Amino acid sequence: MQKLQILSDAAKYDASCASSGTTKRNSSGGGLGSTEGRGICHAYAPDGRCISLLKILMTNFCTFDCAFCINRASSNVERARFSVEEVVSLTIEFYRRNYIEGLFLSSGIIKSPDKTMEDMVRIVKTLRIDRAFKGYIHLKAIPGASPKLVEEAGLYVDRLSVNIELPSDQSLQNFAPEKDAVEIKKAMADIKGSIASASEKTLQTKRSKTFAPAGQSTQMIVGADASNDTLILQRSASLYSGYGLRRVYYSAFSPIPDSSKALPLIKPPLMREHRLYQADWLMRFYDFRFDEVASATKDGMLDLEVDPKLAWALGNRGRFPVDVNRAAREVLLRVPGFGTRTVERILSARVIKSLAYDDLARLGAVMKKAKPFISARGWSPRMLDEEGLRSRFVASQQLSLL
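So my numbering is basically just the index in the sequence shown, starting at one, shifted up by 1356.
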């Protein structure tokens, strides 16, 4: 229990543990666990399901000395290490008690990347084969480990991830000189290739293999270096297009004891992290290009007072109002207050009848945001300039917080 307290606390700095995108494993013939059940909430799937995960490090001992990491070699923290058998036992026993539905496993580097990765592969292999564990498993691959070990791990886990750590290669070299940006990118490329290969049906079996069915993700620390939001989002766009990532996670830097003087002394505002997630969402699900999101920034930083979609709309007043009964899907997706589901409902409903203002609210639109940007049957907005409209939204938001 003492080890668990130390190593679960040490794992809290890794944000990339959501379990979205997995497919349910075949539970016929017995076995433990299910990604479809309910339990203690630690992460959310896109459909709103709560996914409970045992989130731990195998060890917080580490031979690397990354300046931004609480578990770096020079850090004066209490250390602990789980054996392979202890992690397996914890996972199974926590599942039996209905505490968890899956495992998120990362680790500091002990002896060598290969030795650490070997132990982590033994854990997931034992869970799947010897203990018939069918729950969700997310494994954090160790930088510098043999590609064969990472490939083997992918056969037993739902998701693999390799942390990019910082938005620029230069920052990584400055703060984590023992990590190699080229090596990290190669590991991502190898995982992408293995996922693609596994999806192809073989001539012998006529079936595809299972390799990390929930894909791969990564994490970037925000606020540890001088990178602005535009640079961060540009890096994310490159990762999505180049490596087929399911998700980039953003983690606001937390000042740590006895840290390098080059690191900031205060934590960046959490709203900055939140805005990055919103901007990332626009690129992933709303068909926004990176340059469109970047155009809504000021001096490379996202507006902390209004969300990125609203900021973009305010800066492009000439494109509005949008006629909800005629506009194409990609145009409707750019309307503040319209989510992806709302847009699909509008497209379906307007085939049957011409939509009025009140119909949009019933279809799920947030009309408080949308009404200055749309026209509908019986409704035309009063045109306000960008500053006047922005001031109104900011004032409304401040009142709602009182």
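Glycine residues also receive a C-beta, built at the ideal position from the N, C-alpha and C atoms.
Since the structure is predicted, the reported quantities are computational estimates derived from the model, not experimental observations.
*Look at the Cβ atom of Tyr1599, then the Cβ atom of Lys1565, and state whether they are nearer than 8 Å.*
no
_Applying the 10 Å Cβ sphere with the 16-neighbour rule, what's the burial state of Met1657?_
exposed
*For the alpha helix (DSSP H) that contains Ala1635, what are its first and last residues?*
Leu1626 to Phe1641
*May I have the straight-line CA-CA distance separating Ala1509 from Met1414, to the nearest angstrom?*
15 Å
_Burial state of Ser1632, where buried means 16 or more other Cβ atoms lie within 10 Å_ = The sequence given here has Leu at residue 1632, not Ser. So Leu1632 counts as buried.
*asked:* Under DSSP, the beta strand (DSSP E) around Val1578 begins and ends at which residues?
replied: Gln1572 to Val1578
*So what does Lys1654 bridge to, in DSSP terms?*
Met1657
_Beta-carbon separation (whole angstroms), Ser1573 vs Ser1517, contact threshold 8 Å_ = 4 Å
*State the Cα-Cα distance for the pair Ser1786 and Asp1643, rounded to the nearest angstrom.*
Any answer about residue 1786 is impossible in this case: the structure gives the chain only from 1357 up to 1758.
*Determine the direct distance from the alpha carbon of Arg1718 to that of Tyr1369, and round the result to whole angstroms.*
40 Å
*asked:* Here's a check: name, in chain order, each residue in its chain whose Cβ is nearer than 8 Å to the Cβ of Arg1435, leaving out the five neighbours to either side.
replied: Ile1362, Thr1415, Asn1416 and Phe1417
*So Arg1515 is in the beta strand (DSSP E); what residue range does that whole segment cover?*
Arg1515 to Ser1517
_Cβ neighbours of Lys1359 in the same chain (closer than 8 Å, five flanking residues each side left out)_ = Ala1436, Arg1437, Phe1438 and Glu1442
_Val1477 to Val1750 span [Cα, whole Å]_ = 50 Å
*Write down every uninterrupted run of the alpha helix (DSSP H) in the segment 1664-1711 whose length is 4 residues or greater and which is fully enclosed by it, in chain order.*
1664-1671, 1685-1688 and 1696-1705
_Could you give the first and the last residue of the continuous alpha helix (DSSP H) run that contains Lys1496?_
Not the alpha helix (DSSP H): Lys1496 falls in the beta strand (DSSP E), residues Tyr1492 to Lys1496.
_Classify Ser1592: buried if its beta carbon has 16 or more other beta carbons within 10 angstroms, exposed otherwise._
buried
*Are Ala1570 and Arg1484 close, meaning C-beta to C-beta below 8 Å?*
no
_Per-residue DSSP class, three states only, for Ala1429_ = coil
*Mapping DSSP to helix, strand and coil, what is Val1604?*
strand
*Cβ contact check for the segment 1444-1464 and the segment 1493-1503: 3 or more pairs under 8 Å*: yes
_Once DSSP output is grouped into helix, strand and coil, what is the label at Arg1748?_
helix
*The beta strand (DSSP E) spanning Ser1445 covers which residue range?*
Here Ser1445 belongs to no beta strand (DSSP E); instead the alpha helix (DSSP H) covers Val1440 to Arg1452.
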